[in-house]
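Enquirer: Numbering (our numbering), first residue to last: 0 to 102.
Dropping the structure here:
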């Protein structure tokens, strides 16, 4: 899979408003009521990632989950990153307050 071109990246970013581009990655953070809820979300996210065959970098800080997506073997962002980001955002929408990380 090839990395997206600049015009493709611009269009793809519009489809995942909770995510921000930083270099060859997209990032987002989700905040939950507490640690247990954050871990439940990560467990659900793990199932999504396994089905997609694509895995985010995950950083858990008590009630916050910070995610980073990129396609390492393509050397940049691909459609896989944006497809998984959209699924993650949908899953989190009813469970968390979300904010895109500042680039």
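Each residue gets a CB set at the ideal place from its N, CA and C atoms; glycine is no exception.
For clarity, every value in this text was computed on a predicted model and none was experimentally measured.
#1: Whether or not the region 73-92 and the region 13-26 are in contact is what I'm after, with contact meaning three or more pairs of Cβ atoms, one per stretch, closer than 8 Å; do they touch?
#2: CB-CB under 7 Å to residue 68, same chain, minus the five flanking residues each way: which ones, in chain order?
#3: In whole angstroms, give me the CA-to-CA distance for residue 62 and residue 30.
#4: Does DSSP put residue 29 in a helix, a strand or coil?
#5: Scan the region 60-102 and note each continuous alpha helix (DSSP H) run of 4 residues or more that stays entirely inside, going in chain order.
#6: Per DSSP, what kind of secondary structure is residue 15 in: helix, strand or coil?
#7: Provide the residue span of the alpha helix (DSSP H) that contains residue 3, from first to last.
Expert: Looking at the coordinates:
#1: Yes: the two stretches touch, three or more of their Cβ pairs being nearer than 8 Å.
#2: Excluding positions up to five away in sequence, the list reads 24, 25, 55, 80, 83, 84.
#3: Going by the C-alpha atoms only, they are around 6 Å apart.
#4: Here residue 29 sits in strand by DSSP.
#5: Considered as a whole, the region 60-102 harbours 78-91 as its complete alpha helix (DSSP H) runs of no fewer than 4 residues, in chain order.
#6: DSSP places residue 15 in the coil class of the three-state scheme, outside both helix and strand.
#7: It is not in any alpha helix (DSSP H) - residue 3 carries neither H nor E in the DSSP assignment.
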